[in-house]
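What follows is a short report on a single structure.
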Ligand code: URA
């Protein structure tokens, strides 16, 4: 693999950012400065302990891949589907490269926003574990006027077909004429249609839903729906500390 691709995959920035970094002389391989972005790094070199450092810091060999997708509406959160488009179709990777990747958690077909896709099963398991109560924050447009009473009900924990954990509901804007509200809601669970069901329980309807964060990971708003990027090293570290 090319050196720029490897470092980009390690979270050192986009391919063009990394190319600049390499040109600046900041990258050393086995203590020799390498300024050629096309320098070839082989998987077995990494496994055999080749030393790569950037700005004096050793780059650990990252065995896993982490992508942030701004999921567009209209595709399924699945690895494959015979009939429709899935979130995996937005990653321009070969079939073998995609084989071990899985979306972390599920967004409805009509929901947009942050979706982590990774082959790091341990991290995925930790983020999804019901015991860990990892916060998921959503922006939503609601048909109806969301009130302070709703905020309190969410904070107490709504009774759905199960007892939902307390959720933080923040009213951003209410349009009394259109009878529409813009809100942010943070939930600690990820049950099927949870946000929609919570608003249903207070007699309102979600007309647009977008996930903006999951734990410490925040959607990169420069990504348009359907765009993705690899996570930066600090983002992976933050998720690991979750
Ligand atoms: N809650 C929902 O209702 N739908 C989603 O896609 C995510 C959370």
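Numbering (our numbering), first residue to last: 517 to 758. Beta carbons are placed, not taken as given, at the ideal position from N, Cα and C, and that holds for glycine.
Bridge partner(s) assigned by DSSP for residue i
i	result
residue 629	587, 727
residue 686	700
residue 634	582, 618
residue 593	Beta-bridge pairing links residue 593 to no other residue.
residue 549	544
residue 532	Answer is none; residue 532 lacks a bridge partner.
residue 655	700, 726
residue 556	518
residue 691	696
residue 539	According to DSSP, which records beta bridges pairwise, residue 539 is partnered with nothing at all.
residue 526	Answer by DSSP bridge pairing: none, since residue 526 is not bridged.
residue 734	729
Supposed close pair residue i, residue j - CB separation, criterion 8 Å
i	j	result
residue 719	residue 660	7 Å
residue 540	residue 531	The pair is not a contact, with the Cβ atoms about 15 Å apart (cut-off 8 Å).
residue 602	residue 617	Contact doesn't hold; Cβ gap of about 11 Å is too wide.
residue 520	residue 538	6 Å
residue 646	residue 705	7 Å
residue 639	residue 755	6 Å
residue 636	residue 582	7 Å
residue 707	residue 699	Not confirmed; about 19 Å, so no contact.
residue 620	residue 607	That pair is no contact at about 14 Å.
residue 656	residue 701	6 Å
residue 676	residue 717	6 Å
From the options, residue whose alpha carbon lies closest to that of residue i
i	options	result
residue 728	756, 703, 666	703
residue 726	670, 667, 630	630
residue 535	554, 547, 565	554
residue 740	636, 628, 655	628
residue 573	548, 543, 621	543
residue 568	518, 713, 675, 705	518
residue 658	579, 722, 701, 747	722
residue 549	558, 559, 570	570
residue 758	642, 646, 637	642
residue 653	594, 683, 692, 608	683
Near ligand 1: residue i beta-carbon under 8 Å from a heavy atom
i	result
residue 722	yes
residue 571	no
residue 725	yes
residue 684	no
residue 627	yes
residue 666	no
residue 535	no
residue 531	no
residue 704	no
residue 624	yes
residue 709	yes
residue 713	yes
residue 652	yes
Exposed unless 16 or more other CB atoms sit within 10 angstroms - verdict on residue i
i	result
residue 533	exposed
residue 528	buried
residue 576	exposed
residue 678	exposed
residue 625	exposed
residue 681	exposed
residue 551	exposed
residue 604	buried
residue 598	exposed
residue 738	exposed
residue 522	buried
residue 587	buried
residue 733	buried
residue 495	Any property of residue 495 remains undetermined from this structure, which presents the chain solely from 517 to 758.
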